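Quick mapping for you: the protein sequence lines, in order, are chains A and B.
Just so you know, the first sequence maps onto residues 1 to 400 in the working numbering.
Just so you know, the second sequence maps onto residues 401 to 585 in the working numbering.
Positions of the beta carbon are idealized from the N, C-alpha and C atoms, including for glycine.
Predicted, not measured: the structure shown is a model, and the values here were computed from it.
Here the structure is laid out as structure tokens; the discussion comes afterwards.
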Amino acid sequence: MRIGIVCPYSWDVPGGVQFHIRDLAEHLNGLGHEVSVLAPADDETPLPPYVVSAGRAVPVPYNGSVARLNFGFLSAARVRRWLHDGNFDVIHIHEPASPSLGLLSCWAAQGPIVATFHTSNPRSRAMIAAYPILQPALEKISARIAVSEYARRTLVEHLGGDAVVIPNGVDVGFFAAAEPKKEWQNGTIGFIGRIDEPRKGLPVLIRALPKILAERPGARLLVAGRGDAEEAVQDLPREMRDRVEFLGMVSDEDKARLLRSVDLYVAPNTGGESFGIILVEAMSAGAPVLASDLDAFAQVLDQGAAGELFANEDADALAAAAVRLLGDPARRAELRDRAGAHVRRFDWSVVGGDILAVYETVTDGAAHVATDERTRLRARFGLGRDDAADRSDRGYRPRR
Amino acid sequence: MTTTIIWVAVAVVAVGLYLSWTAGRLDRLHARIDAARAALDAQLLRRASVAQELATAGVLDPAASIVLYEAAHGARQAEPDQREVAESELSQALRAVFADGETVTEVREAPGGTAAVGELTQAVRRVPMARRFHNDAVRAARAVRDHRVVRWLRLAGHAPFPMAFEMDDEPPGALTADGGATAVR
Chain A
1 MRIGIVCPYS WDVPGGVQFH IRDLAEHLNG LGHEVSVLAP ADDETPLPPY VVSAGRAVPV
61 PYNGSVARLN FGFLSAARVR RWLHDGNFDV IHIHEPASPS LGLLSCWAAQ GPIVATFHTS
121 NPRSRAMIAA YPILQPALEK ISARIAVSEY ARRTLVEHLG GDAVVIPNGV DVGFFAAAEP
181 KKEWQNGTIG FIGRIDEPRK GLPVLIRALP KILAERPGAR LLVAGRGDAE EAVQDLPREM
241 RDRVEFLGMV SDEDKARLLR SVDLYVAPNT GGESFGIILV EAMSAGAPVL ASDLDAFAQV
301 LDQGAAGELF ANEDADALAA AAVRLLGDPA RRAELRDRAG AHVRRFDWSV VGGDILAVYE
361 TVTDGAAHVA TDERTRLRAR FGLGRDDAAD RSDRGYRPRR
Chain B
401 MTTTIIWVAV AVVAVGLYLS WTAGRLDRLH ARIDAARAAL DAQLLRRASV AQELATAGVL
461 DPAASIVLYE AAHGARQAEP DQREVAESEL SQALRAVFAD GETVTEVREA PGGTAAVGEL
521 TQAVRRVPMA RRFHNDAVRA ARAVRDHRVV RWLRLAGHAP FPMAFEMDDE PPGALTADGG
581 ATAVR
């Protein structure tokens with residue numbers, strides 16, 4: 001099958017959506033499908049052979065932070081050329097509602113279109129204002145995928161319609177086979193995520209740390225992620241600061257080894273999560289998980305069966321649960337076993353199969369993806385490039 | 401005077417463009433419903449065929465075979481207005497027959513059983529998927545057709561008012577226990 005995937009965010013900036021698309025493309029490639037990914041990227045960035053650059057992304061303030069987006073005539077033209085050259089059986093757009101490549105390709109294409117909605121933002125004013133513009137583009141999508149039940153609910157509330165839930169994939173085998181590292185073992189608690197982003201919850205964990213150390217003086221906290229280490233521990237009593245070790249940005253291999261080594265993985269995120277891929281990675285590596293009880297996390301952890309949950313932003317509850325788990329090897333072993341069985345549904349072999357099933361459902365008997373000439377003004381007056389040909393093969397089929 | 405004529409002409413062209421765009425949008429939505437309906441029909445037919453095959457293969461006990469055969473036959477032969485009920489009954493029959501993991505294991509052990517269970521699992525997962533896509537297309541088309549302009553000017557032409565396909569499509573738990581079921585929950 002010839003599959004085109006549209007990535008809305010800059011390929012040079014690491015992020016959850018980008019990693020998901022990279023893994024999906026490589027998985028599908030491995031199965032013998034022809035995959036092409038259209039993504040914003042700087043011209044100098046080395047790209048994998050399956051990625052086509054849609055030009056440089058422009059940083060603009062959007063939705064409360066600075067997002068790097070692609071828009072304008074040049075990007076639109078590149079999208080059209082990519083669609084035209086690719087001759088795809090199906091295109092898979094990620095985040096079609098973001099004002100970037102996703103929306104542009106939705107606008108420019110016709111034929112079988114699959115879309116994945118990753119975020120579950122609360123309804124924003126901009127979204128409501130843009131609704132009349134978004135709706136005609138989004139109604140071209142033949143199949144919608146949401147990454148969690150939570151993301152699906154937001155999608156249904158904001159845009160109406162329905163979606164199937166297919167979780168993000170993880171290479172379970174890669175994490176399960178990683179080699180544990182000696183110096184990261186023995187009473188260690190792991191945290192991976194941006195240090196300087198309060199939403200990721202490190203401050204909650206730092207607040208809980210004195211209580212944990214009071215009960216388990218041997219415990220250590222290992223933190224992997226970007227951000228200012230000094231600032232992160234400034235609320236901690238001076239004598240406790242050496243119990244926190246900052247590893248900075250880690251490679252994929254080191255991330256897997258870290259998760260294999262720690263006795264407890266804590267995800268204290270305070271909100272804005274629609275899935276929680278890191279929890280699946282921790283479970284794959286056999287780390288017992290303790291996470292805040294966000295909707296998305298509760299679903300990934302099978303409502304608490306595959307990992308423990310604590311009340312969101314409650315440092316005392318976090319400390320109590322962590323102390324209990326660190327002192328109870330039997331309970332941790334039990335969590336590890338349950339998680340090991342639970343994560344199989346997030347493995348690429350299952351997730352990739354489900355995504356392919358969606359592709360097959362929408363391409364069954366449908367024509368190829370083509371550029372939509374009707375969105376051009378010339379076509380409206382019957383002057384479009386191949387307007388006549390286009391009209392005859394798209395001809396309205398009467399309903400039985 | 402000339403300016404007025406120009407303005408009127410501009411307005412007429414603008415309205416014309418808007419109407420032509422809306423009609424195109426509706427046409428595309430109707431085509432999408434047709435494709436989604438064809439996909440749903442294909443998945444339903446596939447599910448009924450696999451169920452019927454399993455029922456006549458002699459791997460299930462006689463009572464289960466009869467129940468499954470009846471339901472699968474009913475689903476394939478149903479008149480259009482009885483289709484939703486007949487397909488729901490097939491879902492219920494499948495759930496009753498494959499209520500526990502034991503039956504699944506037994507079928508797997510029979511010659512060619514693993515392939516048959518695999519096909520059935522695929523079929524029961526894809527029916528809810530296809531139905532969701534179909535009903536999503538129906539909702540999108542209805543939203544446009546409910547517009548006053550579309551109703552007054554009959555931009556939808558002679559296309560019948562789209563109807564959602566409502567049925568019980570819950571797959572048997574024993575078939576989807578090992579993941580992937582999240583796709584249809």
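### Task
For chain B, find out if any of its Cβ atoms is closer than 9 Å to the Cβ of V362/A; answer yes or no.
yes
### Query
By the criterion of Cβ-Cβ separation under 7 Å, what are the contact partners of M567/B in chain A?
Neighbourhood of M567/B in chain A, by CB distance below 7 Å: empty, with the nearest CB roughly 14 Å away.
### Message
Taking only three categories from DSSP, how would you classify R226/A?
### Response
coil
### Message
Less than 9 Å between CB atoms is the rule here; does G573/B satisfy it with respect to chain A?
### Response
no
### Message
Please identify the residue among L419/B, R447/B, R539/B, P462/B whose C-alpha is closest to the C-alpha of W552/B.
### Response
L419/B
### Query
Taking the continuous alpha helix (DSSP H) assigned at L205/A, which residues delimit it?
202-215
### Message
Considering only their Cβ atoms, is the gap separating V165/A from A405/A smaller than 9 Å?
### Response
There is simply no residue 405/A to check, as chain A begins at 1 and stops at 400 in what is shown.
#### Entry: Within chain A, partners of L553/B - CB distance below 8 Å
Here the premise fails: no neighbours, minimum Cβ distance about 18 Å.
### Task
Go ahead and pull the three-state DSSP assignment for P132/A.
In the structure shown, P132/A sits in a helix (DSSP, three-state: H, G or I).
### Task
For V17/A, collect the residues of the same chain with a Cβ closer than 8 Å to its Cβ; drop the 5 residues on either side in sequence, then sort them by chain order.
C7, P8, Y9, H94, E95, H118
### Task
Give a yes or no on contact between the region 294-301 of chain A and the region 269-282 of chain A, applying the rule of three or more CB pairs nearer than 8 Å.
yes
### Query
Exposed or buried, what is S251/A when buried is set at 16 or more other beta-carbons lying within 10 Å of its beta-carbon?
exposed
### Query
Between the region 459-470 of chain B and the region 533-547 of chain B, are three or more C-beta pairs nearer than 8 Å?
Three or more Cβ pairs closer than 8 Å define a contact, and the region 459-470 of chain B falls short of that threshold against the region 533-547 of chain B.
### Query
To which residues of the same chain is A306/A closer than 6 Å at the C-beta, ignoring the five residues directly before and after it?
R338, A339, H342
### Query
On the three-pair Cβ rule with 8 Å, is the region 191-209 of chain A touching the region 50-59 of chain A?
no
### Task
Could you tell me which chain B residues have their CB closer than 8 Å to the CB of A357/A, listed as they occur along the chain?
Q522, R525, R526, M529, A583
### Task
For the alpha helix (DSSP H) containing G573/B, list its first residue and its last residue.
573-576
#### Entry: Q482/B in three-state terms, based on DSSP
Three-state DSSP puts Q482/B in a helix.
### Residues in the region 476-492 of chain B having any Cβ partner in chain A nearer than 7 Å
Going along the region 476-492 of chain B in chain order, one finds no residue with a Cβ nearer than 7 Å to chain A.
### Message
Just to confirm my understanding: we take G111/A, look at its own chain, exclude 5 residues before and 5 after, and list those with CB closer than 7 Å. What are they?
### Response
A366, A367, H368, V369, A370
### Query
Between I133/A and P99/A, what straight-line distance do the alpha-carbon atoms span, to the nearest angstrom?
Each residue's Cα considered, the two are about 11 Å apart.
### Message
Relative to the C-alpha of L236/A, which candidate in K211/A, G218/A, D254/A, L247/A has its C-alpha closest?
### Response
K211/A
### Task
Anything in chain B within Cβ reach of D162/A, meaning under 7 Å, just list it in chain order.
R532, N535, D536
### Message
Going by the DSSP bridge assignment, what does E34/A pair with across the sheet?
### Response
R2/A
### Query
Excluding sequence positions up to five away, which residues of its chain have a Cβ less than 6 Å from the Cβ of S105/A?
V6, V79, I93
#### Entry: Straight-line Cα distance separating A229/A from D196/A
Take the alpha-carbon of D196/A and the one of A229/A: they are about 9 Å apart.
### Three-state class that DSSP yields for L301/A in the structure shown
coil
#### Entry: Helix, strand or coil at S75/A [DSSP, three-state]
helix
### Query
How would you list, in chain order, the residues of chain B whose beta-carbon sits under 8 Å from the beta-carbon of Q110/A?
The contacting residues are R428.
### Query
Buried or exposed: where does Y150/A fall if 16 or more other Cβ atoms within 10 Å of its Cβ makes it buried?
buried
#### Entry: Burial state of R425/B, where buried means 16 or more other Cβ atoms lie within 10 Å
buried
### Task
Taking only beta-carbon positions, decide if D337/A is within less than 9 Å of chain B.
Contact of D337/A with chain B is not assigned, every C-beta pair being separated by 9 Å or more.
### Cβ pair Y359/A, V90/A closer than 9 Å
yes
### Query
R2/A to G30/A, Cα distance in whole Å?
13 Å
### Query
CA-CA distance, V37/A and A317/A?
Their Cα atoms are separated by approximately 44 Å.
### Query
Which first and last residues belong to the beta strand (DSSP E) in which H92/A is found?
90-94
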